[in-house]
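Residue numbers (our numbering): -17 to 343. C-beta: ideal position from N, C-alpha, C; glycine also. Report on the structure given below.
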Amino acid sequence: MLPLVHEPDLRSLSFDELSTLVDRMGEKPYRARQLFRWLHQRGAASFEEMTDLPKTFRERLAQQTRLASLAIDAVQQSSDGTRKYRLRTQDGKLIEAVYMPDIDVEDDDEGAGIRRTLCVSTQVGCAMGCGFCMTATMGLVRNLTAGEIVDQVHRVNTDLKDRPITNLVFMGMGEPLHNYANVMRALELLQHQEGLDISHRRITVSTSGLVPNIVRFGQETQVKLAVSLNATTDEQRARLMPVDRKWNIGALIDAVRKFPSKQGRRVTFEYVLLEGVNDTDDDAARLATLLKNLPVKVNLIPYNENPGLGFGDPGPERLESFRNILQSRGITSMVRKNRGRDIAAACGQLAVQGQRQGASA
Ligand code: SAH
Ligand code: SF4
């Protein structure tokens, strides 16, 4: 339960909590359903929009509760159709969400059809400190609430008008499993039948490897998981991703091995190729050995360069060679298309720019 000392943040409440609140306000149960639909199906940004609720009820809601919505601060459109949204929270923090008009991940369990994917953020900044990642330079500013995680989808859907989001990836700013409770709550709201009703097959949460929460996640939801591996030895990985000092590659692989993998719920390993760091043929061979006999997919990601962080993109030829070695050892991999390169669409880039502009203004 959210603390009720403050006005409750309506979009962060579960259906049951909202029903209790509406009941306490002396309203009929069907009003809770109506309100939930406004919040989670139509993505209302204000009480004024909720025209089929009595005016007096809306006024009391406005007095006694909060409706936290995000505002679109900036949008950049890439030549490949990717749209990057910089969104502002009510307390003035900047986060980002990236819309991709189609996705190159092949899945068989989801059914055919056009896939419009949104990459959402879960925190303002991130505490994990990965050396190659722009978001890490901000540190952790704060967790996003469940309502703020969900509202990214509504603000983008409103902007896209009649072409709503069909798939979600939790790969924006922040470490989802470091904001576990709010992320789980957001996942429930996004899957709710009276809300956006997005299937668990169409949602993937990406983690840098918080092992105990991977185990919990596997038990508590059917949503898919992606793990950012990014290295093949602990020496290498700990240098890139400090989280490895707490939960090393062995522990991570073990958690993935035990992850409940029903039909179509294979874990994805993400591997960002960094020039001269983790991109050699030996790395590819070690990666194949690590993942041998695991029911996983590999997603190879070309690095989106961040000036000042000192890492480079090895380029398409190195990537192809890396991929061929995996292939020859029986590991299939996909290459994530490098989207929106011209608009700084990698994790954290736009929001960090916004923060700097704000700071220098
Ligand atoms: N914190 C979670 C999810 C957000 S990061 C995680 O680390 O998995 C999502 C993905 O983006 C991770 O796989 C990360 O390794 C990758 N990434 C971060 N910065 C990148 C960059 N500049 N170029 C390409 N991928 C990047
Ligand atoms: Fe955080 Fe993921 Fe960036 Fe690492 S890669 S700093 S975990 S957002």
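How is residue i classed by DSSP in three states: helix, strand or coil?
{"i": "isoleucine 185", "result": "strand"}
{"i": "lysine 75", "result": "coil"}
{"i": "isoleucine 283", "result": "strand"}
{"i": "glutamine 23", "result": "coil"}
{"i": "aspartate -2", "result": "helix"}
{"i": "serine 315", "result": "strand"}
{"i": "aspartate 226", "result": "helix"}
{"i": "isoleucine 54", "result": "strand"}
{"i": "aspartate 141", "result": "helix"}
{"i": "aspartate 34", "result": "coil"}
{"i": "threonine 215", "result": "coil"}
{"i": "leucine 171", "result": "helix"}
{"i": "valine 259", "result": "coil"}
{"i": "asparagine 161", "result": "coil"}
{"i": "threonine 127", "result": "coil"}
{"i": "asparagine 288", "result": "coil"}
{"i": "asparagine 195", "result": "helix"}
{"i": "aspartate 236", "result": "helix"}
{"i": "arginine 42", "result": "helix"}
{"i": "glutamate 302", "result": "helix"}
{"i": "isoleucine 231", "result": "helix"}
Which residue or residues does DSSP assign as beta-bridge partners of residue i?
{"i": "cysteine 115", "result": "Answer is none; cysteine 115 lacks a bridge partner."}
{"i": "cysteine 101", "result": "Val80, Val151"}
{"i": "glycine 107", "result": "Leu122"}
{"i": "serine 190", "result": "Its beta-bridge partners do not exist; DSSP assigns none."}
{"i": "leucine 207", "result": "Val187"}
{"i": "glutamate 252", "result": "Ser210, Asn281"}
{"i": "arginine 70", "result": "Ala53, Leu76"}
{"i": "glutamine 59", "result": "Arg65"}
{"i": "arginine 344", "result": "There is no way to answer for residue 344, as the model of the chain reaches only from -17 to 343."}
Candidates the options: which alpha carbon is nearest residue i's?
{"i": "threonine 271", "options": "Asn288, Glu299, Thr140, Thr214", "result": "Thr214"}
{"i": "threonine 203", "options": "Thr186, Leu178, Gln105, Asp216", "result": "Thr186"}
{"i": "serine 61", "options": "Leu43, Arg68, Met82", "result": "Met82"}
{"i": "glycine 346", "options": "Leu192, Lys228, Tyr285, Ile283", "result": "A query on residue 346 cannot be resolved here, the shown segment of the chain reaching from -17 to 343 and no further."}
{"i": "glycine 111", "options": "Tyr162, Gln309, Asp226", "result": "Asp226"}
{"i": "leucine 301", "options": "Gly154, Phe152, Leu207, Glu257", "result": "Glu257"}
{"i": "leucine 142", "options": "Tyr67, Thr117, Arg184, Ala168", "result": "Tyr67"}
{"i": "arginine 124", "options": "Phe18, Gly95, His160, Met153", "result": "His160"}
{"i": "leucine 346", "options": "Val165, Trp229, Ser303, Ala118", "result": "With the chain represented from -17 up to 343, any question about residue 346 goes unanswered, as that position is not in the structure."}
{"i": "phenylalanine -3", "options": "Leu172, Asn288, Glu217", "result": "Leu172"}
{"i": "isoleucine 147", "options": "Glu130, His174, Pro158, Thr99", "result": "Thr99"}
{"i": "isoleucine 180", "options": "Lys10, Pro(-10), Gln23", "result": "Gln23"}
{"i": "glycine 246", "options": "Val205, Arg221, Ile313", "result": "Val205"}
{"i": "arginine 221", "options": "Phe293, Glu78, Gln59", "result": "Phe293"}
{"i": "alanine 168", "options": "Val80, Gln309, Cys108, Thr127", "result": "Thr127"}
{"i": "aspartate 236", "options": "Val209, Leu69, Arg184", "result": "Val209"}
{"i": "glutamine 175", "options": "Arg6, Gln16, Met7, Pro(-10)", "result": "Gln16"}
{"i": "glycine 200", "options": "Gln134, Asn164, Val238", "result": "Val238"}
{"i": "alanine 56", "options": "Gly63, Leu69, Gln46", "result": "Leu69"}
{"i": "glutamate 30", "options": "Ala44, Phe152, Leu(-8)", "result": "Ala44"}
{"i": "leucine 211", "options": "Pro242, Gln59, Leu255", "result": "Leu255"}
Given 8 Å as the limit, tell me if residue i has its C-beta closer than that to any heavy atom belonging to the ligand SF4.
{"i": "methionine 7", "result": "no"}
{"i": "cysteine 115", "result": "yes"}
{"i": "methionine 155", "result": "yes"}
{"i": "alanine 26", "result": "no"}
{"i": "methionine 223", "result": "yes"}
{"i": "serine 190", "result": "yes"}
{"i": "cysteine 101", "result": "no"}
{"i": "alanine 118", "result": "yes"}
{"i": "threonine 60", "result": "The question names threonine, but residue 60 in the sequence shown is serine. No, Cβ of serine 60 sits at least 8 Å from all heavy atoms of the ligand SF4."}
Is it the case that the CB of residue i approaches a heavy atom of the ligand SAH more closely than 8 Å?
{"i": "tyrosine 81", "result": "no"}
{"i": "glutamate 31", "result": "no"}
{"i": "valine 205", "result": "no"}
{"i": "isoleucine 131", "result": "no"}
{"i": "glutamate 78", "result": "no"}
{"i": "tyrosine 162", "result": "no"}
{"i": "asparagine 199", "result": "The question names asparagine, but residue 199 in the sequence shown is phenylalanine. No - the ligand SAH has no heavy atom lying nearer than 8 Å to the Cβ of phenylalanine 199."}
{"i": "methionine 386", "result": "Examination of residue 386 is not possible in this model, given that the chain is present from -17 through 343 alone."}
{"i": "valine 254", "result": "yes"}
{"i": "asparagine 288", "result": "yes"}
{"i": "phenylalanine 152", "result": "yes"}
{"i": "lysine 194", "result": "Lysine is not the amino acid found at residue 194; the sequence shown has proline there. Every heavy atom of the ligand SAH is 8 Å or more from the Cβ of proline 194, so no."}
{"i": "lysine 242", "result": "Here the sequence assigns proline to residue 242, which means lysine is not the residue at that position. No - the ligand SAH has no heavy atom lying nearer than 8 Å to the Cβ of proline 242."}
{"i": "asparagine 125", "result": "no"}
{"i": "asparagine 212", "result": "yes"}
{"i": "valine 259", "result": "no"}
Would you verify that the beta carbon of residue i is, or is not, closer than 9 Å to some beta carbon of chain B?
{"i": "arginine 305", "result": "Considering every chain present, this structure includes no chain B. It has just one protein chain."}
I'd like to confirm something about residue i: is its beta-carbon nearer than 8 Å to some heavy atom of the ligand ZN, or not?
{"i": "methionine 110", "result": "This structure simply doesn't include the ligand ZN; it includes the ligand SAH and the ligand SF4 instead."}
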